[in-house]
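Add 302 to a position in the sequence shown, counting from 1, and you land on the number used in the working numbering.
A quick write-up on the structure given underneath.
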Amino acid sequence: MNVGKNTTNGSGRSGSVAPVVLTILDGWGHRDASEHNAIQQSGTPVMDALWHAYPHTLIEASGSHVGLPDQQMGNSEVGHLTIGAGRIIRQELVRISDTVRSNQLGDMPVLTSLAERIQKRGGTLHLLGLCSDGGVHSHVDHLCGLIRWAADSGISDLAVHAITDGRDTPTQSAPSYISQVEAALNQCGVGQLTSLCGRYWAMDRDQRWERTQKAYNLYTDPAIAVDNRTPEQVLAASYAEGITDEFLEPVRLQNGVIKDGDSVLVFNFRPDRARQIVQALCLADFEAFKRSHVPTLDVVTFTQVEQDLPVQVAFPPEPLDQLLGQVVADAGLKQYRTAETEKYPHVTYFMNGGIEQPLEGEERHLVPSPRVATYDLSPAMSAEQLTDSCIAAIGKADYALIVINYANPDMVGHTGVMDAAMEAIQTVDRCIGRLLDAVGRQGGTMLITADHGNAELMQGPDGQAWTAHTTNPVPVILIEGERRKLPGHGNGITLRENGGLADIAPTLLQILDLPQPEAMTGVSLIAPISNMDPTPMTARLPLSV
């Protein structure tokens with residue numbers, strides 16, 4: 303039944319819709335222990351009250367539950383894609399790893415064609431990407447596989463430009479990954495490690511173009527001198543100065559500048575943090591910063607970084623349909639997506655299955671993130687402004703589905719600074735209370751969850767700051783509104799256990815009274831009536847907390 307025809311569950315008339323608000327707390331995982339747990343230690347009166355008074359559960363957001371290898375931490379791209387798809391999708395990490403392990407890179411048409419072009423015209427092949435086993439943006443095994451593929455393809459002029467991690471991996475872990483790359487180069491007898499650069503510079507996604515420019519100059523400017531130190535010496539000196547892998551200053555190790563007629567293969571598989579450097583390398587009409595050298599290049603990316611870029615894609619996207627947003631749009635309902643800059647692509651592009659254009663009836667609002675070097679310097683980020691804009695959208699009573707993402711737990715959690723992470727959590731908790739008041743005034747329903755863990759673990763077993771995601775489960779809380787009551791459930795709604803992020807979309811569709819498409823194989827978290835606890839929840843909080 304269309305929600306627009308159901309006066310109990312909200313009207314389809316303009317200005318009279320009771321919204322269903324999906325609130326995604328990015329990086330808000332669940333861990334019982336309070337030690338090094340920014341969520342437990344910060345004090346979260348709103349979330350604590352909701353957890354005790356409303357239907358709730360924990361769901362999985364990592365590993366095979368989101369289409370990743372077992373024990374692989376989840377991430378924002380995978381999390382939002384899974385939420386939007388309502389099914390478990392084989393993620394790019396698995397897809398590419400399977401190809402590398404089975405030694406089938408040489409069977410990929412785009413890579414075969416690339417090798418043929420290089421052999422025909424000459425030039426250097428530059429392999430550029432994040433060098434770690436974090437598995438969020440890339441994997442060092444993929445780089446080593448590409449080195450073997452290049453050797454097998456007869457490509458002898460090979461340059462590796464390694465971006466150091468320290469964000470999805472321990473902060474001083476680069477030496478182990480660099481040694482793996484050097485071993486692969488030595489074993490295959492081709493190529494050299496040409497440069498090192500921290501991801502802070504080479505993988506910006508927030509249009510801090512001065513960072514991207516610094517990496518671009520490293521790769522293309524022949525005037526930059528070669529540093530005669532070994533990679534190990536460069537890293538040791540950086541650590542001695544208190545500079546970790548993420549922030550490693552760009553260093554040219556060999557004379558491997560990218561020049562006219564060369565080829566560049568960017569092996570990051572996640573697009574958001576590869577987009578800016580790829581644009582700088584391939585766009586003729588690039589205007590974000592002045593490029594002193596603009597070589598004519600043959601650029602290949604592992605996955606689609608952005609539609610309509612003049613690059614070839616080795617692993618083109620596998621099309622998805624019947625996603626959450628499309629079901630809502632096909633029902634003739636309006637939806638609203640909002641986040642600040644750092645997470646805006648996730649509630650739009652990723653949640654819509656890699657589609658750039660808004661759906662019919664989908665409105666989007668971006669709130670700029672603060673312009674700071676790292677978010678421990680501004681833990682509140684733009685959460686209050688984001689809440690203001692979302693409250694205004696709720697007040698219009700036009701949108702059946704509203705999706706909002708709070709970036710603070712993840713972005714501040716990544717800094718490893720405990721006090722800042724606690725302030726970030728407190729800010730988000732306060733904003734949830736404000737948002738809930740607005741939803742209550744419209745008789746709407748709020749579903750709170752997260753895409754992966756992060757802020758619940760701020761220190762690793764080695765005593766170093768933990769800046770990566772986690773494999774911990776994430777919370778789900780359902781606050782049912784007066785105009786969105788589920789038929790037959792009364793006050794006894796129960797959320798089942800053993801769920802995952804793929805079950806969020808089916809849950810939302812049930813609340814919206816929209817049919818779940820066949821391709822959406824997740825299962826609603828709302829327990830069937832026969833399986834519910836017959837004891838009604840009598841201790842409900844008012845919607846104002």
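Note that beta-carbon positions come from the ideal geometry of N, C-alpha and C, so glycine has one too.
Quantities reported herein were computed from a predicted structural model and do not represent experimental measurements.
Query raised in the report: Are Ala694 and Cys733 touching if we call contact CB-CB under 8 Å?
Result: One-based indexing of the sequence shown puts residue 694 at position 392. One-based indexing of the sequence shown puts residue 733 at position 431. Contact: no.
Query raised in the report: What residue from Leu814, Val483 and Thr809 has the CA that sits closest to Pro291's CA?
Result: The shown model of the chain, from 303 to 847, leaves out residue 291, and the question about it has no answer.
Query raised in the report: Is it the case that the Cβ atoms of Asn707 and Ala641 are separated by a distance below 8 Å?
Result: Your numbering for residue 707 matches position 405 in the sequence shown. Your numbering for residue 641 matches position 339 in the sequence shown. Yes, the Cβ-Cβ distance between Asn707 and Ala641 is below 8 Å.
**Report entry** Beta-carbon contacts of Met303 that lie in its chain and below 7 Å, excluding the five residues immediately before and after
**Finding:** Along the sequence shown, read from residue 1 onward, the residue named residue 303 stands at position 1. Unreliable placement is indicated for Met303, whose pLDDT of 25 sits below 50; the coordinate value is still reported in the next sentence. Once the five neighbours on either side are set aside, the close Cβ partners of Met303 are Asp815.
Query raised in the report: Leaving out the 5 sequence neighbours to the left and right, which residues in its chain are closer than 7 Å to Leu583 when beta-carbon positions are compared?
Result: The sequence position of residue 583 within the sequence shown is 281, counting from 1. If we look at Leu583 and ignore the five residues flanking it on each side, its Cβ neighbours are Val566, Leu599 and Val601.
Query - Nearest-angstrom Cβ-Cβ length linking Met683 and Gly715, presumed shorter than 8 Å - result: Residue numbering aside, residue 683 sits at position 381 when the sequence shown is read from its first letter. Residue numbering aside, residue 715 sits at position 413 when the sequence shown is read from its first letter. At roughly 12 Å, the Cβ-Cβ gap does not stay under 8 Å, so Met683 and Gly715 are not in contact.
Query raised in the report: Can you list, in chain order, the stretches of the alpha helix (DSSP H) that have 4 or more residues and sit fully within the region 471–499?
Result: 476–490
Query raised in the report: Where does His595 sit, in a helix, a strand or coil, going by DSSP?
Result: Within the sequence shown, numbered from 1, the residue matching residue 595 stands at position 293. Correct three-state label for His595: coil.
Query raised in the report: So what does DSSP say about Asp712, is it helix, strand or coil?
Result: As a working note, residue 712 is residue 410 in the sequence shown. DSSP places Asp712 in helix when its eight states are reduced to three.
Query raised in the report: Leaving out the 5 sequence neighbours to the left and right, which residues in its chain are closer than 8 Å to Leu688 when beta-carbon positions are compared?
Result: Residue mapping note: residue 688 aligns to position 386 of the sequence shown, counting from 1. Counting only Cβ-Cβ distances below 8 Å, and skipping sequence neighbours, we find Thr640, Ala641, Glu642, Val669, Ile706, Tyr708 and Cys733.
Query raised in the report: Are Pro660 and Asp328 closer than 8 Å when you measure CB to CB?
Result: The residue labelled residue 660 in the question sits at position 358 within the sequence shown. The residue labelled residue 328 in the question sits at position 26 within the sequence shown. No, the pair does not count as a contact, with Cβ atoms beyond the cut-off.
**Report entry** Three-state class that DSSP yields for Val778 in the structure shown
**Finding:** Position 476 of the sequence shown, counting from 1, holds the residue named residue 778. Strand.
Query - Rounded straight-line distance, which links the Cα of Arg736 to that of Val848 - result: Residue 848 is absent from the model: the chain starts at 303 and stops at 847.
Query - Three-state class that DSSP yields for Gln818 in the structure shown - result: In the sequence shown, the residue the question calls residue 818 occupies position 516. In this structure, Gln818 counts as coil in the three-state DSSP scheme.
Requested in this report: Note down, in chain order, each residue of its chain lying with its Cβ closer than 7 Å to the Cβ of Ala586, except the 5 sequence neighbours on either side.
Outcome: Here residue 586 refers to the residue found at position 284 when the sequence shown is read from its first residue. Cβ within range, chain order: n/a, list empty.
Query raised in the report: Looking at Asp721 and Met349, is the spacing between their C-beta atoms short of 8 Å?
Result: In the sequence shown, residue 349 corresponds to position 47, counting from 1. In the sequence shown, residue 721 corresponds to position 419, counting from 1. Not closer than 8 Å, so no.
Query raised in the report: If you draw a straight line from the C-alpha of Gly437 to the C-alpha of Leu520, how long is it?
Result: Locating residue 437 in the sequence shown gives position 135, where the first residue counts as 1. Locating residue 520 in the sequence shown gives position 218, where the first residue counts as 1. Near 25 Å, if we compare the C-alpha coordinates of Leu520 and Gly437.
**Report entry** Where Glu548 falls: helix, strand or coil (DSSP)
**Finding:** The residue given as residue 548 occupies position 246 in the sequence shown. It is helical.
Requested in this report: Could you check how far apart the C-beta atoms of Asp508 and Ser671 are, in whole angstroms? I think they sit under 8 Å.
Outcome: Here residue 508 corresponds to residue number 206 of the sequence shown, with the count starting at 1. Here residue 671 corresponds to residue number 369 of the sequence shown, with the count starting at 1. Confirmed, about 6 Å.
Requested in this report: Look up Glu658 in the DSSP assignment and say whether it is helix, strand or coil.
Outcome: Within the sequence shown, numbered from 1, the residue matching residue 658 stands at position 356. DSSP, read as helix, strand or coil, puts Glu658 in coil.
Query - Phe617 versus Asn339, Met822 and His444, residue with shortest Cα-Cα distance - result: In the sequence shown, counting from the first residue as 1, residue 617 sits at position 315. Measuring from the Cα of Phe617, the nearest candidate turns out to be His444.
**Report entry** Range of the contiguous beta strand (DSSP E) that encloses Arg513
**Finding:** Counting from one through the sequence shown, the residue named residue 513 turns up at place 211. Segment Trp511 to Thr522 is the alpha helix (DSSP H) holding Arg513; no beta strand (DSSP E) there.
**Report entry** Which listed residue (Val613, Thr769 and Cys692) has its alpha carbon closest to that of Val412
**Finding:** Counting from one through the sequence shown, the residue named residue 412 turns up at place 110. Comparing C-alpha distances from Val412 to each of Val613, Thr769 and Cys692 shows the shortest one belongs to Val613.
Query raised in the report: Does DSSP put Asp600 in a helix, in a strand, or in coil?
Result: Position 298 of the sequence shown, counting from 1, holds the residue named residue 600. Three-state DSSP puts Asp600 in a strand.
Report task. Could you check which residue in Lys645, Asn570 and Thr823 has the C-alpha nearest to that of Leu622? Result -> Mapped onto the sequence shown, residue 622 falls at position 320. Checked all of Lys645, Asn570 and Thr823; the closest Cα to Leu622 is Thr823.
Query - 8 Å CB neighbourhood of Val442 in its chain, flanking five on each side removed - result: Within the sequence shown, residue 442 is the residue found at index 140, counting from 1. The residues are Cys433, Ser434, Asp435, Tyr479, Gln482 and Val483.
Requested in this report: Quick one: residues in its chain with C-beta nearer than 7 Å to the C-beta of Asp547, no 5 flanking neighbours on either side, listed in chain order?
Outcome: For the purposes of this step, residue 547 is identified with residue 245 of the sequence shown, where counting begins at 1. The residues Thr466, Asp467, Gly468, Thr473, Gln474, Ser475, Ala476 and Gly500, in chain order, have a CB closer than 7 Å to that of Asp547 in the same chain once the five nearest residues on each side in sequence are set aside.
Requested in this report: For the alpha helix (DSSP H) containing His444, list its first residue and its last residue.
Outcome: Within the sequence shown, residue 444 is the residue found at index 142, counting from 1. Segment Val442 to Asp454, the alpha helix (DSSP H) holding His444.
Query raised in the report: Helix or strand or just coil, what does DSSP make of His338?
Result: Taking the first residue of the sequence shown as position 1, residue 338 is located at position 36. In this structure, His338 counts as coil in the three-state DSSP scheme.
**Report entry** Assigned secondary structure, Gly380 (DSSP; H/G/I helix, E/B strand, else coil)
**Finding:** Within the sequence shown, the letter at position 78 stands for residue 380. A quick correction: the sequence has Val, not Gly, at residue 380. Helix.
Query raised in the report: When the Cα atoms are used, what is the spatial distance from Asp334 to Leu827?
Result: Residue mapping note: residue 334 aligns to position 32 of the sequence shown, counting from 1. Residue mapping note: residue 827 aligns to position 525 of the sequence shown, counting from 1. Spanning the two alpha carbons is a distance of roughly 22 Å.
**Report entry** Straight-line Cα distance separating Gly388 from Ile341
**Finding:** By 1-based counting over the sequence shown, the position of residue 341 is 39. By 1-based counting over the sequence shown, the position of residue 388 is 86. Straight-line Cα distance between these residues: approximately 27 Å.
Query raised in the report: Secondary structure at Thr532, three-state DSSP: helix, strand or coil?
Result: Sequence index remark: in the sequence shown, residue 532 carries index 230 (1-based). Coil.
Report task. Note down, one range per segment and in chain order, each beta strand (DSSP E) of at least 3 residues found wholly within the region 747–776. Result -> 747–751
**Report entry** Neighbourhood of Gln818 by C-beta distance below 7 Å, restricted to the same chain and skipping five residues each side
**Finding:** In the sequence shown, residue 818 corresponds to position 516, counting from 1. Closer than 7 Å at the Cβ level, and outside the excluded window around Gln818, lie Pro808 and Leu811.
Query raised in the report: Does the beta carbon of Ser404 fall short of 7 Å from some heavy atom of the ligand GDP?
Result: With respect to small molecules bound, the structure shown includes none, and the ligand GDP cannot be examined in it.
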